[in-house]
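Engineer:
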Amino acid sequence: MPSFAIEVEGATNPLSLQSVVSTLASASKGFASPQALKAATQQIGNWEKTPGYYAILQDVYADTSLDQEIRFQAIIQLKNGIDKHWRKTAVNPISKTEKDQIRSRSIDAGVKEPQPVLALHNALMLAKIARLEFPHDWPEVIPDICQRLRAISQDLNDALSISNILLITLQIIKELASGRLVRTKKSLYQVSSELLHTLGSLYVSLVGRWQSGGENIATTDSLNSLAALKTLRRLLVVGFENPHREDNVREFWNLLQTHQDSFWTAYNQGSSPDAKTILMKHLLQLSKLYLEMAREHPASFVLLGSMDILTRSWNIVQHSDAKQDLTGNFDWDVYRNGDVAESSPLEKLSLKALLLFRACLKMVFNPVQTFKYQTPQDKEDRRNAVDQIKGTVLTNDFVLRLMEVLVTQYFVLRPADLRDWEQDPDEWERREEEIVDAWEFSLRSCSEKLFLDLVINFKELLVPRLLQVFQEYAQVSNHNVLLKDSLYSAIGIAAACIEDILDFNTFLRTTLVPEVQINSPNYNILRRRTAILLAQWIPIKPESLDRVATYQIFTHLLTSKEELNDHVVQVTAGRQLRMVLEPFEFSFEDFQPYATPLLSSLMSLINATELSETKMALLETVRIAVTKLEGQIEPYAQGIMSTLPPLWTESGDEHLMKQAILTMLTAIVNSLGQKSISHHESILPIIHDSVQTDSEAIVYLLEEALDLWSAILQQTPSDAPSEQLLALSQSLLPLLEMGNELLRQIFEIIESYTILSPTTTLASSFLDPLLTSMKSLLSMLSSSRARDAAHAPHVLETLVASISAETSPSVPSQQALSHLLTSMINSGYLASVLEILREAYEYHQDPRPNRKAPDVIGPGETSLYSLIARMVLLSPEITIQAMSATNVHSTSHPNLPVASWVLAEWLDRFVDIGDVLRKKLQVLALTSLLSATTPPFPELALENLQSYLTTWTDICVELGEEAAEESMGDYLWHNKPAGDVPEWPDATPEDGRKRMLSNRDPIYTINVRDFVAVKVKDLIDKVGGPAVFQQEWLSRVDGAVVEAFVNLKLL
């Protein structure tokens, strides 16, 4: 009979061991249905608030008879729960009794755990508890661990327990060391000596046990000794404030050096492969210890006794698989197959040795600065350590020898490099470029960093020797390719140190130019190096190096007709050309003869390259070239543009590649200027695809697409916007609804459309949804994003300014304003604006101390009144009627006309306007209301006459203070407007449109003194002449206000 039972909600299931096991089983089944998984997740969430739940989880984990997946879920839930609920201040904290129970069993459960993955998670969980509770609430955790370590040392056959307790100890030390509180670190310092003694004894016993086995190294013993060494490495570095002052640390440090010698002896005596692997792992741990000690405790590293360590490191550095007789002839085929293994087992040790010497250099020349108080003893130890390194390590002979080893061994391309070059050129070239910054993990990159450190700090010693060898071997007649490649690499790295000593121009003309034309085998290595070398030197001396010879070389390297210009050579040249073009001293005259072949070769190379990362790097080179060419890009633009749309299609979901293409298109549009209009047909569909809100790509492409869109609009001539470009404006509306951080940029594009084609913005299909979106954004004027939200009324302000300027003669300004206000009323936008202003008005009518001021007061309110000011200036009557139609009445004075409270708030807040342009604009609008006849005007203006007089006095005084004589008391008034075409050479068509709007803007075309005088005289005549005006209206105004206005001498 089928079951119709419904699984009950988690909250109804009582907490028990069996129910927890059952729920964890449901959650751990990979084939569980979504409903079952959801129910299990909900049940676990409910149990997290129930006392005893985490203790039961530990019971489940500790029961080894259960399925491993269930136990895994239990320990994961327990570990996560401790993160969330262990602290006393947490929500639903774990009770003290339950904590005691979990702590008491955690070490035992971890020591006996047979599964390594579960043991690791238990150790992580235990370490988190230790960090939170040691030493105050769980002081016995470290003594307990030490006791277990001592007990296990008596029975080395229990390999599982040894491995697990070492794992627990390691995680606890790491967790305590990561604590930022001084108390946590001091707690670790207090127990480190006991831990070192106990751990050290166990480590010595384990090493002695497997060393005594000869060739038959016991795997478990060696792995456990390795784990002990890892733990000791952490402890020695983080467990002691001044390791060199601790006798037990000094004693153990000497013991480890003895072990290192014995490990090396065993390794070099022809041990079995397994034995060599174990020995090498131990040697690597020791090298990490020495490196970390040199970085974290430089003085301790030296004063503990580091000379033998550095001597061994030097021996390792000298032993390199890359070492060859570079001064003689050798068989290239033999060399290419010289290292069959992908990586030498000694390579990691060599890298650590190089890093150790870098740490010594830093110790002497770039010590870490710290705010920590240093005692006189600390300072003395530091001086002694530096003197010892200077006197016994960084001697002149050693520094010279180290430089020579780096150049002749570590700069050399290895056989594996040459094989990868031929077999997978794209990947090898990319890896070589990226690994430059990964110097802590790459032997060659680290050697280059160390070489640069040496040259910077020992310039007088090393540069003469370097140049001597360079001049001896850097001759066209010398065919030792590998040695020359290494030397050129050194000269490039040291460019900043030898720029005033080496005559690079002579070397460029006499050696590099003829050398890149040599077609002998393996000279592709030097061609690649030449491109890199030039990219290193040009930015150092951009004003003096021979650019013509440089462009000739790159033109030659990028041609595919040359057999030696394989893919690596061409891609390297294409990538490095960016560094040659980028400096400010770029000259079009020098570049012009080579522009066509270089750009065409680059675009062909982009198509031939498979890796997206490489394509993007080459596109960046082309972008730099386009940017540098500026207006001269036109002859080459078509060739570039023909490649980009197909490349866009091929890119598919590779969003980074599409970002690079959008950035390239933006550069082309900006460089072509108005002439970019011929490419709109291929660019606009790309913009359209990038800004679709239902596409996942919009997250990655929107910012670059908006940049391109903005550039297109700015560069489009006023008389030539295509229907396709204007229709694209519809794609802006969904973007507004997203309300993301690019809102400001979206509004700037809408503003560009408004200036370019006001009729497009006024079209109901665009204006109505635009106003609806803007209405929803008005609330942001009272938020932290008020600056972004203020762009919405600014866009409408620009639209009204464009209407006023009649930039589109086909649309009469009064008719356009009526259409705009009708849409603002129908969409509710105007009502929403007035409601926000009403909130400010109501507050100012009753500003009680305990009443919070609306956030819109300030810049947000000013931006809204600026929009109203534009509309009032164009038609006071239409604007007053529209505001009245909203019926947004004052709640405190419901019978007051809308215009009454709007005017009262406007005049009251005028003094808070900081921008003089907006201040003048609003004065002009307020003054124009004097001529309004729509009720309640003009009586309303007369009733506010004192505020008007104060406002006029304020603005006239401010604008007259810095006014020249020809400005007639208004320094913003342009009595001789500038031309509609901007004078600067790189002005865009949009700059011209903005200039035209500015030339017709009342802010600049109206003299405020004359305007006020005319309007006041008209008002006086309208009320019956001066006598009536004086008797009925002016007599109500404060005498000081009248006197200040009269002193302006406007009438």
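Using the UniProt record's numbering, the first residue of the sequence shown is number 1, and each one after it goes up by one. Built from N, CA and C at the ideal position, the CB exists for glycine as well. Computed from a predicted structure; not experimentally measured.
For the alpha helix (DSSP H) that Q269 lies in, which residues bound it at each end?
Structural biologist: Per DSSP, Q269 belongs to no alpha helix (DSSP H) and is neither H nor E.
Engineer: Please report the distance separating the alpha-carbon of E7 from that of S16.
Structural biologist: With a pLDDT of 39 at E7, under the threshold of 50, the predicted position of this residue should be treated as unreliable, though the coordinate-derived value follows. Each residue's Cα considered, the two are about 17 Å apart.
Engineer: Whose C-beta lies closer than 7 Å to the C-beta of L160 among residues of the same chain, with five residues either side of it excluded?
Structural biologist: P114
Engineer: How many whole angstroms separate the CB atoms of L629 and F588, which I take to be in contact at a CB cut-off of 8 Å?
Structural biologist: 7 Å
Engineer: Rank Q285, Y189, T198 and I309 by C-alpha distance to the C-alpha of R245 and give the top, closest one.
Structural biologist: Y189
Engineer: May I ask which residues mark the beginning and end of the alpha helix (DSSP H) holding T760?
Structural biologist: P758 to L762
Engineer: If distances are taken between C-alpha atoms only, which option among C360, Q377 and P273 comes closest to P345?
Structural biologist: P273
Engineer: Inspect the beta-carbon positions of T927 and K1015 and report whether they are closer than 7 Å.
Structural biologist: Taking 7 Å as the cut-off, the Cβ atoms of T927 and K1015 count as close.
Engineer: So, under 8 Å CB-CB, L756 and P721 are touching, yes? Tell me the CB distance rounded to an integer number of Å.
Structural biologist: 6 Å
Engineer: Ends of the alpha helix (DSSP H) at R1036?
Structural biologist: Counting along the chain, R1036 falls outside any alpha helix (DSSP H), and DSSP gives it neither H nor E.
Engineer: Rounded to whole angstroms, how far is the Cβ of I152 from the Cβ of I162, which I believe are closer than 8 Å?
Structural biologist: 5 Å
Engineer: What are the start and end residues of the alpha helix (DSSP H) that includes Q211?
Structural biologist: V182 to Q211
Engineer: With 16 as the cutoff for other CB atoms within 10 Å, does L181 come out buried or exposed?
Structural biologist: exposed
Engineer: P415 and N337 look like a contact to me (Cβ under 8 Å); what is the Cβ gap, rounded to whole Å?
Structural biologist: Between N337 and P415 the Cβ distance is about 6 Å, and since that is below 8 Å, they are a contact.
Engineer: Kindly give me the distance between the Cβ atoms of I668 and I633, rounded to whole angstroms, as I take these residues to be in contact under 8 Å.
Structural biologist: 7 Å
Engineer: Is it buried or exposed for A1027, if we count other Cβ within 10 angstroms and need 16 for buried?
Structural biologist: exposed
Engineer: Rounding to the nearest angstrom, what Cα-Cα distance links M780 and A74 in this structure?
Structural biologist: 46 Å
Engineer: Secondary structure at Y54, three-state DSSP: helix, strand or coil?
Structural biologist: helix
Engineer: Only counting the same chain, and skipping five residues up and downstream in sequence, which positions put a Cβ closer than 6 Å to that of S884?
Structural biologist: V898
Engineer: In whole angstroms, give me the CA-to-CA distance for E939 and E723.
Structural biologist: For E939 and E723, the distance between alpha carbons rounds to 49 Å.
Engineer: Helix, strand or coil for S22, going by three-state DSSP, please let me know.
Structural biologist: Three-state DSSP puts S22 in a helix.
Engineer: Assuming contact is defined by CB atoms lying nearer than 7 Å, are L735 and I750 in contact in what I supplied?
Structural biologist: no
Engineer: Note down the Cα distance separating L644 from E703, rounded to an integer number of angstroms.
Structural biologist: 19 Å
Engineer: Starting from the C-beta of I553, find all residues in its chain whose C-beta is less than 6 Å away, skip the five residues before and the five after it, and write them out in chain order.
Structural biologist: Cβ within range, chain order: V516.
Engineer: For Y523, which residues of its own chain have a beta-carbon under 6 Å away from its beta-carbon, when the five flanking residues on both sides are left out?
Structural biologist: L564
Engineer: Less than 7 Å between the C-beta atoms of A792 and L771, yes or no?
Structural biologist: no
Engineer: Less than 6 Å separating the Cβ of S804 from some heavy atom of the ligand PLP?
Structural biologist: The ligand PLP is not part of the structure shown, which contains no ligands of any sort.
Engineer: From the DSSP output, in three-state form, read off G179 for me.
Structural biologist: In this structure, G179 counts as coil in the three-state DSSP scheme.
Engineer: Thinking just about the alpha-carbon of each residue, which of H136, Y843 and L166 is nearest to the one in Q147?
Structural biologist: L166
Engineer: Between D308 and Q388, is the Cβ-Cβ spacing less than 7 Å?
Structural biologist: no
Engineer: What number of angstroms, rounded off, separates the C-alpha of P769 from the C-alpha of K852?
Structural biologist: 33 Å
Engineer: In chain order, what residues of the same chain have a beta carbon less than 6 Å from the beta carbon of F910, not counting five sequence neighbours either side?
Structural biologist: Counting only Cβ-Cβ distances below 6 Å, and skipping sequence neighbours, we find T951.
Engineer: For a test of the three-state rule: what should DSSP assign to N826, helix, strand or coil?
Structural biologist: helix
Engineer: On the criterion of 16 or more Cβ atoms from any shown chain inside 10 Å, does S104 qualify as buried, or is it exposed?
Structural biologist: By the 10 Å Cβ count, S104 comes out exposed.
Engineer: Taking P989 as part of the alpha helix (DSSP H), name the residues at either end of that continuous run.
Structural biologist: P989 to N999
Engineer: Would I538 be called buried (16 or more neighbouring beta carbons within 10 Å of its own) or exposed?
Structural biologist: buried
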